[in-house]
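Participant: For reference, the structure I am asking about is given below.
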Amino acid sequence: MFYKKIFSKQVKSSWLRCCTIVLSIGVLTNLSGCKKFLEMPLKDKVPQENLFSDEQGFMDALTGVYLGMNKPATGLGKGLYTQDLSMGMLSVMVNNYSNASTSSLNDGLYANIYKYDYEQAGVKQEIGAIWSGLYSNIANLNNLLGYIDAKTDVFSRDHYYRVKGESIALRALFHFDLARLFGESPATGMNERAIPYVRSFTATATPFVSLQAGLDSCIADLVQARDLLAKSDTTTLRAGDMDLFSAYTQNRMNYWATKALLARVYLYKGDYVQAKQMAMEVIGSGKFPLSTSNVAVATASTRDRLFSKELLFSLYSTNVVTQNEAVFNGAGTPLQLALSNKNALYGTTAPLDWRLSWFDNNVKNINVPSKYFQDANLPYVLQNIIPMIRITEMYYIVAECENTSGNLDAAARYLNDVRAARGLNPLPTSSTADQVALANEIGKEYKKEFIQEGQTFFYYKRLNKDLKAETGTTVPIPDKVYVFPVPDKENEYNPS
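Pasting the structure below:
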């Protein structure tokens, strides 16, 4: 029997001066291949000298970080990657929901986010929770990494490379998202102060670095993580496995996800050569094939709404249902996309875009975005997941890199590969005639593919697009809309 407990930790001093963390560990009481690694049970408040005395302790500490990616960030019950950075805050900011401006959900939080009012108390609190949540996870990873090299002898199989590689890759992921949220757009502020890049578990505040330096540090971490994970089993993508730590690798920061994140970071930095190379290697692996049929079809009781075989990394969280229900299927008026907006985005002429299966009527017969609804007969492997990295993004990256180089035919080919995987015809000649037309088509794909996932915001920011024009919002857009304010407490304790 597997028991689910909340990962427990305590962070003292300032937001970055994490000098004490109480980590939780777990013991497998009944190994089962149909359970997931992140459903491992956890014991509370085990001293660190005991936690890192064996292989299981390191695994459990890493489990705690994955749990820290999805647990509610505030008392209001919102999650870090399961809501704020996916279906919630970032989706509202790119107008995925046409009624967000009048929403009373969460005491009007989304209405204030829609106005980009970062100084409003609820929005400011949520931004602070994102900062503290990501840095708490980083502190836990640095704590684990501070012990692991002295304990190589406690690991079996390829677990040392998995634990260390995943930990370093996750550290890069969290810093990258911090840089994308709190730093300037790379189109305008590569040399501007961005974030602290924290590589050690220490009570000393880490100075802020420029966006350029932060991205370079992310790349250095990801290259190291990639090389470590290359020494683990990269040949298979396991679901159930008697070795629970080696099971459900798509729910973890695996080797292929690390390469894909490298592609994402290189693109953000403007290094199109390296971005294309990393993305091509992931595509060329053949491990994440594009769909050939509409597995998300609305009439199927076991529908795969997320096109899950295309996911390089998806976060597993039992909070998904609760958070989805609260925003799209519970009391009050749910967030929704007006029919006219939906038709403008996905089209109405045959062949119809398979992604229209991402919209359904809820219990009140209101049509809402439904990526995260879970049907009664949904297979276990499709339950409770939030997409983190999709193979389709790798196609978009290659298409953008080819387009930037003037290789229009190649760029169109990669876009058309994704269109075919969504039931659509190839782009007409008028849409591939020049670089501007192709760039517009890439932008349309981001809007359609990443609805409710948050990545469209980062696409707009990377290119410093006019957010008002891109989203069709009518509210004033602040000059610093792309830069979240660093929490007051951090500026107080770490003014560097």
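Residue numbering for the sequence shown follows the working numbering, beginning at 505 and increasing consecutively.
Cβ coordinates follow ideal geometry from the N, Cα and C atoms, glycine included.
Please report whether the beta-carbon of N871 lies at a distance below 9 Å from any beta-carbon of chain C.
Facilitator: Absent here is chain C; the protein component of the structure consists of one chain.
Participant: Going by the DSSP bridge assignment, what does D864 pair with across the sheet?
Facilitator: DSSP lists V872 as partners of D864.
Participant: Roughly how many angstroms lie between the CA atoms of A743 and A767, to the nearest whole one?
Facilitator: When rounded, the distance between both Cα atoms is 25 Å.
Participant: Where in the region 634 to 705 do unbroken runs of the beta strand (DSSP E), each at least 3 residues long, occur, reported from the N-terminal end onward?
Facilitator: The qualifying runs are 697 to 700.
Participant: Let me make sure I understand the geometry here. Which of A925, A842, T762, A943 has the alpha-carbon closest to that of I870?
Facilitator: Comparing Cα positions, the closest option is A842.
Participant: In this structure, what does DSSP give as the bridge partners for V713?
Facilitator: Answer is I699.
Participant: Classify K868: buried if its beta carbon has 16 or more other beta carbons within 10 angstroms, exposed otherwise.
Facilitator: When all chains shown are included, K868 counts as exposed.
Participant: Could you say if the region 663 to 675 and the region 601 to 620 meet the contact criterion of at least three C-beta pairs nearer than 8 Å?
Facilitator: Judged by Cβ distances under 8 Å, the region 663 to 675 makes no contact with the region 601 to 620, as fewer than three pairs qualify.
Participant: Is N646 closer than 9 Å to S704 when the C-beta atoms are compared?
Facilitator: The answer is yes: Cβ separation under 9 Å.
Participant: Unbroken beta strand (DSSP E) runs of length 3 or more, entirely within the region 793 to 875: which are they?
Facilitator: List check, beta strand (DSSP E) in window: 815 to 820, 863 to 865, 871 to 873.
Participant: Contact defined as beta carbons within less than 8 Å: I believe I889 pairs with N755. What is the distance between those atoms, to the nearest angstrom?
Facilitator: Going by Cβ atoms, the distance from I889 to N755 rounds to 7 Å, so yes, they are a contact pair.
Participant: Please report the straight-line C-alpha distance between G687 and R859, rounded to a whole angstrom.
Facilitator: If you take the alpha carbons of G687 and R859, they lie about 32 Å apart.
Participant: Measure the alpha-carbon distance for A683 versus K773 and round it to whole angstroms.
Facilitator: Roughly 11 Å separates the two Cα atoms.
Participant: How close, in whole Å, do the beta carbons of K951 and T960 come, if the pair is a contact with beta carbons under 8 Å?
Facilitator: 6 Å between Cβ atoms; contact.
Participant: Under three-state DSSP, which class holds G626?
Facilitator: G626 falls in the helix class under three-state DSSP.
Participant: Are there three or more Cβ pairs, one per stretch, closer than 8 Å when the region 612 to 622 is compared with the region 970 to 986?
Facilitator: Yes: the two stretches touch, three or more of their Cβ pairs being nearer than 8 Å.
Participant: Are there 16 or more other CB atoms within 10 angstroms of the CB of E904, so buried, or fewer, so exposed?
Facilitator: With 16 or more Cβ atoms within 10 Å of its Cβ, E904 is classed as buried.
Participant: Nearest by alpha-carbon distance to M563: which of S750, S640, N603, G632 is it?
Facilitator: Answer by Cα proximity: S750.
Participant: What's the gap between the Cα of D558 and the Cα of R666?
Facilitator: Using only the alpha carbons, I get a separation of about 15 Å.
Participant: Can you say whether R923 is buried or exposed, counting buried as having 16 or more other CB atoms within 10 angstroms of its CB?
Facilitator: Buried: at least 16 other Cβ atoms inside 10 Å.
Participant: When burial is assigned at 16 or more other CB atoms within 10 Å of the CB, is D657 buried or exposed?
Facilitator: Classification for D657: exposed.
Participant: Return the CA-CA distance between D864 and K582, expressed in angstroms with no decimal places.
Facilitator: Distance between the alpha carbons of D864 and K582 is about 23 Å.
Participant: If you follow the alpha helix (DSSP H) that I787 is in, where does it begin and where does it stop?
Facilitator: From DSSP, the alpha helix (DSSP H) with I787 extends over 776 to 788.
Participant: Compute the Euclidean distance between the alpha carbons of S721 and Q778, then round it to the nearest angstrom.
Facilitator: C-alpha separation (whole angstroms): 15 Å.
Participant: Inspect the CB distances between the region 805 to 818 and the region 893 to 909 and report whether three or more fall short of 8 Å.
Facilitator: Yes, the region 805 to 818 touches the region 893 to 909.
Participant: I'd like to confirm the pairing. Which residues does DSSP put opposite P1003 in its beta bridges?
Facilitator: Lying before the first or after the last residue shown, residue 1003 is absent from the chain, which here runs from 505 to 1000.
Participant: Classify K549: buried if its beta carbon has 16 or more other beta carbons within 10 angstroms, exposed otherwise.
Facilitator: Residue placement at K549 is poorly supported in this model, since its pLDDT is 48, which falls under 50; the coordinates still yield a value, given next. By the neighbour-count rule (16 or more Cβ atoms within 10 Å), K549 is not buried but exposed.
Participant: Kindly give me the distance between the Cβ atoms of L765 and L726, rounded to whole angstroms, as I take these residues to be in contact under 8 Å.
Facilitator: Correct: roughly 6 Å between the Cβ atoms.
Participant: G910 by DSSP, collapsed to three states: which one?
Facilitator: Looking at G910 - three-state DSSP - the assignment turns out to be coil, as it is neither helix nor strand.
Participant: Using beta-carbon positions only, say whether L942 and A916 come within less than 9 Å of one another.
Facilitator: Going by C-beta atoms, L942 is nearer than 9 Å to A916.
Participant: Which residues does DSSP pair with G958 in a beta bridge?
Facilitator: The partner list for G958 (beta bridge, DSSP) is empty, contrary to what the question assumes.
Participant: Could you compute how far the alpha carbon of S595 sits from the alpha carbon of D921?
Facilitator: Between S595 and D921, the C-alpha separation is close to 26 Å.
Participant: With 16 as the cutoff for other CB atoms within 10 Å, does D808 come out buried or exposed?
Facilitator: Burial call: buried.
Participant: T826 to A914, Cα distance in whole Å?
Facilitator: Spanning the two alpha carbons is a distance of roughly 43 Å.
Participant: Nearest by alpha-carbon distance to Y664: which of W635, N845, L649 is it?
Facilitator: It is L649 whose Cα lies nearest to the Cα of Y664.
Participant: Determine the direct distance from the alpha carbon of N995 to that of I631, and round the result to whole angstroms.
Facilitator: Taking the straight line from one Cα to the other gives about 14 Å.
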